[in-house]
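See structure below.
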Amino acid sequence: MSPEFLPRIPEFCRMITACFYLEKTKAEKKLLVLTDKEFYSRFTKDADGLISENIEVLYIPMKFVVCGGE
32 MSPEFLPRIP EFCRMITACF YLEKTKAEKK LLVLTDKEFY SRFTKDADGL
82 ISENIEVLYI PMKFVVCGGE
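Here the sequence shown stands for residues 32 to 101, where the numbers follow the numbering used here.
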């Protein structure tokens, strides 16, 4: 794990946990969507080999994420 990633260890652990639960679900497609570009870059590098190949990790900028029904 890269030294500059150390302050984000709690986030990294939460995402690894999310991947664990995703792996347990029965779904055709399993996606982990991240909205922070820097975190996405580091996570995909540092999590390589730790998460299932069945899980696709995507970066989608927050401006494209629709929240709520307004």
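Glycine included, every Cβ here is placed at the ideal spot set by N, Cα and C. All values reported here derive from a predicted model rather than from experimental measurement.
If you look at Leu89, you'll find it in the beta strand (DSSP E) that goes 86 to 90. Boundaries of the alpha helix (DSSP H) harbouring Lys68: 68 to 77, taken from the DSSP string. DSSP places Lys57 outside any alpha helix (DSSP H), giving it a letter other than H or E. By the neighbour-count criterion, in which 16 or more other beta carbons inside 10 Å mark a residue as buried, Ile91 falls on the exposed side. Taking the Cα positions, Thr75 is about 23 Å away from Lys57. Rounded to whole angstroms, the Cβ separation of Leu65 and Leu53 is 13 Å, and the two are not in contact under 8 Å.
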